[in-house]
Structure formats: structure tokens, C-alpha cells
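Asker: The structure follows.
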Amino acid sequence: MKKALAGSVLWLALACASLAFGFSGCRQPGAGSAASPASAGTMGTAGTMGTAENAGTAQTGGSGVTDGTQTEAPASGTAGGLPGGETGAADAPPSGTGAVQPSGETEGAGAAMASVNVRDFGAEGDGKTDDTAAVQAAIDRVHDAGGGYVYLPAGTYRLNAVCVKQDVCLYGDRTWSAEDPGSIGNTVLVPAGASVSCVVDMGSGGYKNPGLKNVCIDGLGLGTSVAGIASPGLASVTGNSMRVENVRIRNCSGVGLDATNNAIASVKGCMVTGCGTGLKLVGWDLFIYNNVIAGNKGDGISVSGGSAMSLCYNRIGWNDGCGVRFEGFARVSMTGNTFDSNASPGVYFSGSTNMALHGNLFIRNGWSPLSGLSNGGCQISVNASSGINITDNTVRGASDALTGGRSPEYGVIADVMNNCVVQGNTFENAGTRGELKTEETSNLDCVIEV
Numbered sequence: 000m001k002k003a004l005a006g007s008v009l010w011l012a013l014a015c016a017s018l019a020f021g022f023s024g025c026r027q028p029g030a031g032s033a034a035s036p037a038s039a040g041t042m043g044t045a046g047t048m049g050t051a052e053n054a055g056t057a058q059t060g061g062s063g064v065t066d067g068t069q070t071e072a073p074a075s076g077t078a079g080g081l082p083g084g085e086t087g088a089a090d091a092p093p094s095g096t097g098a099v100q101p102s103g104e105t106e107g108a109g110a111a112m113a114s115v116n117v118r119d120f121g122a123e124g125d126g127k128t129d130d131t132a133a134v135q136a137a138i139d140r141v142h143d144a145g146g147g148y149v150y151l152p153a154g155t156y157r158l159n160a161v162c163v164k165q166d167v168c169l170y171g172d173r174t175w176s177a178e179d180p181g182s183i184g185n186t187v188l189v190p191a192g193a194s195v196s197c198v199v200d201m202g203s204g205g206y207k208n209p210g211l212k213n214v215c216i217d218g219l220g221l222g223t224s225v226a227g228i229a230s231p232g233l234a235s236v237t238g239n240s241m242r243v244e245n246v247r248i249r250n251c252s253g254v255g256l257d258a259t260n261n262a263i264a265s266v267k268g269c270m271v272t273g274c275g276t277g278l279k280l281v282g283w284d285l286f287i288y289n290n291v292i293a294g295n296k297g298d299g300i301s302v303s304g305g306s307a308m309s310l311c312y313n314r315i316g317w318n319d320g321c322g323v324r325f326e327g328f329a330r331v332s333m334t335g336n337t338f339d340s341n342a343s344p345g346v347y348f349s350g351s352t353n354m355a356l357h358g359n360l361f362i363r364n365g366w367s368p369l370s371g372l373s374n375g376g377c378q379i380s381v382n383a384s385s386g387i388n389i390t391d392n393t394v395r396g397a398s399d400a401l402t403g404g405r406s407p408e409y410g411v412i413a414d415v416m417n418n419c420v421v422q423g424n425t426f427e428n429a430g431t432r433g434e435l436k437t438e439e440t441s442n443l444d445c446v447i448e449v
């Protein structure tokens, strides 16, 4: 079936739009682009902090983040949320009292960078003591020294919205692995009580360049709206450059990672499960790579109010809402992701513009959509949006083994679109009622082929 609703003028317009946005595949932060942390001079080179991890490609439906069994210190050349340009390898976790300078590390212009151990500030890590004050004191010491590392040795730390300040990276002793759903690692952060707003506060008050790495945040199911990480940011702060890497977040009654008004933010190699919503993002220049977002009670990722995002090589599945929901967002590149068995659409666009969905795998999403969700019974839903480019994706309605399973009604539902392309996708029993549902009269200047 082929519906060609536009000619060469549309193709030229779409090509120009793609060039303007730079849809050349997912670009890692720090690749030297204007929208990358490295070019802003606020973060270390992306992709070198810790081991590179892969959540599975769209072609294979990967098994999730791997290589998560080793204990890591900050990798050579980066600090994860610290000023760019630092060099040298970090020493073993510091001991002794006060700020300890790891050998070989310099901040961009050669300034010393502090490194402290929270145990030297009175943190117990016994799962009983409220360690908020001790951990905050360690962070404040490093912040006052101009930035550096705060180390959390193995233990369970009860925290109440501990604030990671400017140019400070809070890191732990990680040994958790996404291949073992029960593993949580050696450094675990839990809420100090059911009434806390979040466990870790990433940069409220206008602090820039906070980093968090190698820990597990376990909400323990406490309260009704306890977030694992809150990163409120400030609209007036340009490039606050939050970075979260190799972090497991689970069992939070609120949002796993709640980031608003963030710019040049990166989430990489993380696993978010059993939370209210996995990630809630509002901001600009967002980079989401190699994560597992699964089994959350709402959407896997909810995005609204902002522009410019790369969403690549993630595995997003079994969430009770959408895999990823975009509302009022612009300029997104998505490639190499696997969207598996989300109750509502794997990807849902509403009121959004200039989105490229290319080379992803969709498996029986939309089998039980949330009530009140427009066009929910499908794998990909587009509503009241423009400049949407859906190409070269594989859409399956059966199980991973292509047998049985619960299927949605349609592969793609596309209504009220302008200047959009749906072309070159592979449909394999994508829906019980058909591969595509669309209203020609509601779509203007579109190319739709199945």
C-alpha cells in the first residue's frame, strides 16, 4: 500500500530540515558540536568516563547494560560533571581528613582538584544513621575548594535531598550489573524517611556541572512522591551540564530522575526500574544513551517543554505507560533503541516538531494503553505534530520470538500531521487491525508508505 501525498518539493524541504538539525545519527556529548558539553567547556570528554556500556541495539533487542561488574574510580581525563580538560588518572579512594588532591589530575587551566572520602566527615553508611549532614559537609568542602570528587565507599547511606554542588562529582563503589536484576552494588543511597522530596539533589540553586556516578539509589517504596534524583536547574542558567552515569535507580514512589530546566545534560549507562515514572525531562540539549528503563508504573521517559535531544541505544520496555512520551518538544534524534512491551505506545508524539525516528526496534507496544491517551493502541503514535520522520524501523506485534503474545491494534497511528514522512519501515504482524491507521484529510504535505 502506498500513499504519496507530496512531491519533490516536500523532499527538498525535509532534506533541508534534516541538514539544519544535523540528523547524522546519535552524536555523543563532547563531540565538539555547539550543543555538546565539551564545546561549552563545562564537562570532560563524554564517553571516556568509566566503561562504555550498551543497552542493546535495535537489530538485536539487546539484553541490557553489560560490563557492570567491576568497581570503578573516576576514569582518566574526566570528572563527570567537572570542568573540561582535566587530565591524569585518579588515585585510589582518598583517606585521611580534609581535601586530598589525587595525583596527576588538573582542572582545565591547571588548578588543583579536591578529593575527599565521606567517612572522614562522619558518614557511617550503616543503613541506620542519617548521613545527610556528613555527606553534605564533604560536598561543601570540595565545592569550596573549587571542585573535585566526593567518594562514597561501600555501604548504605540514608540521605535527605543531599545537594551536589557546582563542579562536584559524587561517586561510589559500584559492582551492580543490569544482567542481574537483583544486584544493587556496594554503594546504596536510600531515603532518610518517607517524607523526603528526593534522595539526591543535582544542582538546585543554580549550581552547574554536578555529577553522579557508580551508585544505586533505592527508594524502598517509601512515601508517595519520593524521587531518586531531582535536578530542578534554573531557566536562567545556560548549560548546567548535569551528568549521571552508571547509576541504578529503583523502587522510587515518585520519578526516578526528575530533571527540569536542564541544559546540556547527560544520562548514560543507567538502569531505572520500579519507579513512578522513569525519567522526566524538561530542557535543552539532552543526551540519553545506553540505558535500561523498564518496569516503571508510568511512562519510561516523559519529555516536554524544550528542544534538542539525542536518544540512542536504550532499551525501554514493560512500562505501564508509554515507552517515551513527547509533548510540546522539538528536534529529537532517536536511533538504535529497543521499545519492548510498553503498555501504551513505544513512542508517542503530541504537539511536537522536527523528530527523527530511525533504525529502532518496536515489539508489541500499545497492548494495553492508558485510559484517556489519544491513539494509544499502537506502537508509534503521532498526533498534532509536524516534521516527523519515521524511517527504517522494525515493528513487530508478537513476542521477541515472534510467537504469541499480546499485540496492539496498529503498528502506527498517524493523525493531524504536517510535513511528515513514514517510509521504509518493516512491519511484522505489527497490529491486530493493520500496520497503519491514518486520515488522509487530516494530514498535509506528508509521504506515507507501508
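What the sequence shown shows, in numbering that gives the first Met the number 0, is residues 0 to 449, in sequence order. Ideal Cβ placement from N, Cα and C applies to all residues, glycine included. Note that this is a predicted model, so its numbers are computed, not measured.
State buried or exposed for G299, treating a residue as buried only when at least 16 other CB atoms are found within 10 Å of its CB.
Answerer: buried
Asker: Comparing C-alpha positions only, which one of K127, D444, Y150 and M270 sits nearest to G181?
Answerer: M270
Asker: Give the range of the beta strand (DSSP E) segment to which I287 is assigned.
Answerer: Start and end: T276 to Y288.
Asker: Quick check on the burial criterion: 16 or more other C-beta atoms within 10 angstroms. Buried or exposed for T223?
Answerer: exposed
Asker: DSSP state of Q165, grouped into three classes?
Answerer: Of the three classes helix, strand and coil, the one that applies to Q165 here is coil, per DSSP.
Asker: Closest by CA to A429, which one among S367, K267 and G396?
Answerer: For the set S367, K267 and G396, the Cα lying nearest the Cα of A429 is the one of G396.
Asker: Just to check my reading of the structure: A413 and N442 have Cβ atoms closer than 8 Å, yes? What is that Cβ distance to the nearest angstrom?
Answerer: 7 Å
Asker: How close, in whole Å, do the beta carbons of I304 and G335 come, if the pair is a contact with beta carbons under 8 Å?
Answerer: It should be noted that the sequence gives Gly, not Ile, for residue 304. Going by Cβ atoms, the distance from G304 to G335 rounds to 25 Å, so no, they are not a contact pair.
Asker: Taking Cβ positions, are G227 and C274 nearer each other than 8 Å?
Answerer: yes
Asker: S196: which of N213, G145, D172 and V225 sits nearest, CA to CA?
Answerer: V225
Asker: Relative to the alpha-carbon of Y148, which residue among P209, Q422, A160 and N424 has its alpha-carbon at the smallest distance?
Answerer: P209
Asker: Going by DSSP, what residues sit across from N261 in a beta bridge?
Answerer: G282
Asker: How about A136 and F120: do their beta carbons lie closer than 8 Å?
Answerer: yes
Asker: Determine the closest residue to E123 out of T186, C162, D139 and A160, with distance taken between C-alpha atoms.
Answerer: T186
Asker: Consult DSSP for D125 and reduce its assignment to one of helix, strand or coil.
Answerer: strand
Asker: Considering just the uninterrupted stretch of the beta strand (DSSP E) at R140, what are its terminal residues?
Answerer: Following the DSSP letters along the chain, one finds R140 in no beta strand (DSSP E) but inside the alpha helix (DSSP H) bounded by residues T131 to D143.
Asker: Give me the Cα-Cα distance between G282 and D391, rounded to the nearest whole angstrom.
Answerer: Rounded to whole angstroms, G282 to D391 spans 28 Å at the Cα level.
Asker: So, for T458: in the same chain, excluding its five sequence neighbours on each side, which residues have a beta-carbon less than 6 Å away from its beta-carbon?
Answerer: Any question about residue 458 goes unanswered here, given that the chain covers just 0 to 449.
Asker: DSSP state of R118, grouped into three classes?
Answerer: helix
Asker: I'd like the ranges of any beta strand (DSSP E) spanning at least 3 consecutive residues and lying wholly in the region 373-398.
Answerer: 377-390 and 393-395
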